[in-house]
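The next block holds one structure in the form of C-alpha cells; read it before the comments.
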Amino acid sequence: MNANIGEGACGGYTRLMPELPEVETVRRGLAPAMEGKRILHVETRRGDLRFPFPENFNQRIEGARVKRLGRRAKYLVGELSNGEALIMHLGMTGRFTVAGAKPGKFHHAAGADDKHDHVVFDMQGGARIVFNDARRFGFMDLWALDDLENYAPFAGMGPEPISNEFSGAYLAEAFRGKKAPVKAALLDQTMVAGLGNIYVCEALFRSGISPKKLAGAIRRDRLEKLALEVRKVIEEAIAAGGSTISDFSHADGELGYFQHSFQVYDREGEDCVVCGKTVKRLVQSGRSTFYCAGCQRA
Ligand SMILES: [Zn+2]
C-alpha cells in the first residue's frame with residue numbers, strides 16, 4: 311500500500327496527514343451521528359491535545375444541539391445551538407470512530423490503541439463518538455459562531471476549492487501581478503483554503519501548467535482549466551475516500567483515510583502516464599513538487 315498520504319514540511323521525510331478530502335470524508339461520516347442531535351455528555355481524558363482544551367469545554371457544549379457539521383479548509387466546524395462553534399482539527403493522526411449508531415461507510419473496526427482515545431461525545435440518539443489521536447497534533451476549540459471570520463486560522467483565508475467562489479475569474483484576480491511560482495501561490499491559504507501539496511501537484515499536471523510558471527503570467531484560459539482541475543481532483547479524492555475508508559484497519563493509527571492513485575505525485579523517475587517522459591521532482595518552498603516537463607509546458 312502506498313503510504314504517502316500526506317507530506318511533512320521537513321526535508322525529504324514523508325509523513326502522513328489528512329488532507330482536505332480526508333477531512334471532508336470524516337465530516338460526511340460524522341454528520342449523521344451529530345447533526346440535529348444534542349451533545350449529552352463529553353469526556354475529555356486529558357487537559358490538552360496539541361493545545362489545551364478551552365476553559366470549561368465540557369460544560370460549554372454539553373446540552374447544546376449540533377445544528378450543522380460544516381468544514382472550513384481542514385477544520386471541522388460544529389455549529390451549536392448555544393451560539394458556539396465547536397472547531398475540531400485532526401492534526402496528523404487524529405480520527406473519529408462512531409459507535410452505537412449506523413455509521414455508514416465512515417465506520418471502521420476500532421483497532422487503534424484506546425489509550426489514545428482522548429475525547430468521547432455521547433450524543434442524543436445513542437451514538438458514541440470517540441476522538442483518537444496518537445500524536446496529539448489535533449485539537450478542539452470553541453469560538454463564537456457569528457464571529458468565525460475572526461477566528462485566527464480563518465482570518466484572511468481564501469475560498470474553498472470546491473466552492474462556486476473558486477473559479478478562473480477568481481484566480482485571474484488573485485494571481486494578478488503575482489511573481490511567485492504558481493505552485494507556491496496555490497499552497498498559499500489566502501489564495502485558496504486547505505489545498506495540500508498532493509492536490510496542487512495533481513491539478514497542475516492535469517492543467518498542463520509548469521509548477522515553475524509565475525502565477526501572474528498564466529493565461530486566462532489556462533486559469534479556467536486550473537480552477538476546474540483543482541475542483542475535480544478534490545472531488546474525486548472525496549469520492550475515493552468515501553468508498554474506501556471502511557478498509558482502514560491499521561493499529562498504528564498512521565496509515566489510512568484512503569489510498570488514492572495519483573498521476574504525478576510521488577512518482578519521481580516513473581514514466582508519465584500521459585506522454586511517457588520521466589516524472590521529475592523539484593523542491594519549492596521546502597515542499598516536493600512532482601511534474602512532467604513534457605505535459606506541463608504552459
Ligand atoms: Zn507527460
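What the sequence shown shows, in our numbering, is residues 311 to 608, in sequence order.
Note that the Cβ used here is the ideal one computed from N, Cα and C, for glycine as well.
Since the model is a prediction, treat every value here as computed from it, not as a measurement.
Length of the line joining the Cα atoms of Asn474 and Val543: Residue 474 sits at position 164 when you count from the first residue of the sequence shown. Residue 543 sits at position 233 when you count from the first residue of the sequence shown. Rounded to whole angstroms, Asn474 to Val543 spans 15 Å at the Cα level.
Pro521 (DSSP reduced to helix, strand or coil): As a position in the sequence shown, residue 521 is number 211, starting the count at 1. Pro521 falls in the coil class under three-state DSSP.
Return the CA-CA distance between Ala503 and Arg378, expressed in angstroms with no decimal places. Taking the sequence shown and counting its residues from 1, one reaches residue 503 at position 193. Taking the sequence shown and counting its residues from 1, one reaches residue 378 at position 68. Between Ala503 and Arg378, the C-alpha separation is close to 20 Å.
Kindly list the residues whose CB is nearer than 8 Å to the CB of Val593, restricted to its own chain and excluding five residues on each side of it in sequence; keep chain order. Residue numbering aside, residue 593 sits at position 283 when the sequence shown is read from its first letter. Result list for Val593: Thr599, in chain order.
So if DSSP puts Asn442 in a beta bridge, which residue, or which two residues, is it bridged to? Taking the first residue of the sequence shown as 1, we reach residue 442 at position 132. In the DSSP output, where bridge partners are listed per residue, Asn442 has Arg405 and Asp427.
Continuous beta strand (DSSP E) stretch holding Met398: start and end: Residue 398 sits at position 88 when you count from the first residue of the sequence shown. Met398 -> beta strand (DSSP E) spans Glu394 to His399.
Pocket of ligand 1 defined by Cβ to heavy atom distance under 6 Å: The filter returns Cys582, Val584, Cys585, Lys587, Cys602, Gly604 and Cys605, in chain order.
Entirely within the region 443–506 and at least 3 residues each: give me those beta strand (DSSP E) ranges in chain order. At a cut-off of 3 residues, the continuous stretches assigned as beta strand (DSSP E) that sit fully inside the region 443–506 are 449–454.
Give the list of continuous beta strand (DSSP E) stretches no shorter than 3 residues that lie fully inside the region 352–391. Whole beta strand (DSSP E) segments, 3+ residues: 376–382 and 385–390.
Buried or exposed: Ala454, going by 16 or more other Cβ atoms within 10 Å of its Cβ? On the sequence shown, residue 454 is found 144 positions in, with the first residue counted as 1. Its Cβ having fewer than 16 others within 10 Å, Ala454 is exposed.
Arg577 (DSSP reduced to helix, strand or coil): Within the sequence shown, numbered from 1, the residue matching residue 577 stands at position 267. Coil at Arg577, not helix or strand.
From which residue to which residue does the beta strand (DSSP E) around Thr599 run? Counted from its first residue, the sequence shown places residue 599 at position 289. For Thr599, the enclosing beta strand (DSSP E) starts and ends at Arg597 to Tyr601.
Tell me which residue opens and which closes the beta strand (DSSP E) that Arg591 is part of. Position 281 of the sequence shown, counted from the first residue, corresponds to residue 591. Its beta strand (DSSP E) spans residues Lys590 to Gln594.
Would you verify that the beta carbon of Ser598 is, or is not, closer than 9 Å to some beta carbon of chain D? Absent here is chain D; the protein component of the structure consists of one chain.
Exposure of Cys602, with buried meaning 16 or more beta-carbon neighbours within 10 Å: Here residue 602 refers to the residue found at position 292 when the sequence shown is read from its first residue. So Cys602 counts as buried.
Taking only three categories from DSSP, how would you classify Met344? Counted from its first residue, the sequence shown places residue 344 at position 34. Helix at Met344.
If you reduce the DSSP assignment to three classes, tell me which class Ile349 lands in. Numbered from 1 along the sequence shown, position 39 holds the residue referred to as residue 349. In the structure shown, Ile349 sits in a strand (DSSP, three-state: E or B).
Going by Cα to Cα distance, which pick from Phe485, Val429 and Glu539 is closest to Ala525? Here residue 525 refers to the residue found at position 215 of the sequence shown. When the alpha-carbon of Ala525 is set against those of Phe485, Val429 and Glu539, the nearest one is in Phe485.
Rounded distance between the beta-carbons of Met450 and Met533, thought under 8 Å: What you label residue 533 is simply residue 223 of the sequence shown in a count that begins at 1. What you label residue 450 is simply residue 140 of the sequence shown in a count that begins at 1. The question names Met, yet the displayed sequence has Leu at residue 533. With a beta-carbon spacing of about 37 Å, Leu533 and Met450 fall beyond the 8 Å limit used to define contacts.
Who are the near neighbours of Glu470 in its chain, counting only those whose CB is closer than 6 Å to its CB and skipping five residues on each side? One-based indexing of the sequence shown puts residue 470 at position 160. By the criterion of a C-beta distance shorter than 6 Å, Glu470 is surrounded in its chain by Ala503, once the five residues flanking it on both sides are discounted.
Look at the alpha carbon of Val589 and the alpha carbon of Phe441, and state the distance between them as a whole number of angstroms. Your numbering for residue 589 matches position 279 in the sequence shown. Your numbering for residue 441 matches position 131 in the sequence shown. Cα to Cα, the separation comes out at about 39 Å.
Quick check: what's the CA-CA separation for Arg529 versus Val540? For the purposes of this step, residue 529 is taken as residue 219 along the sequence shown, with counting starting at 1. For the purposes of this step, residue 540 is taken as residue 230 along the sequence shown, with counting starting at 1. Cα to Cα, Arg529 sits roughly 16 Å from Val540.
Ordered along the chain, which non-local residues of its own chain (more than five positions away) have a Cβ less than 8 Å from that of Cys605? For this step, residue 605 is matched to residue 295 along the sequence shown. Non-local C-beta neighbours of Cys605 in its own chain, meaning closer than 8 Å and more than five positions away in sequence, comprise Phe515, Gly518, Cys582, Val584, Cys585 and Lys587, ordered along the chain.
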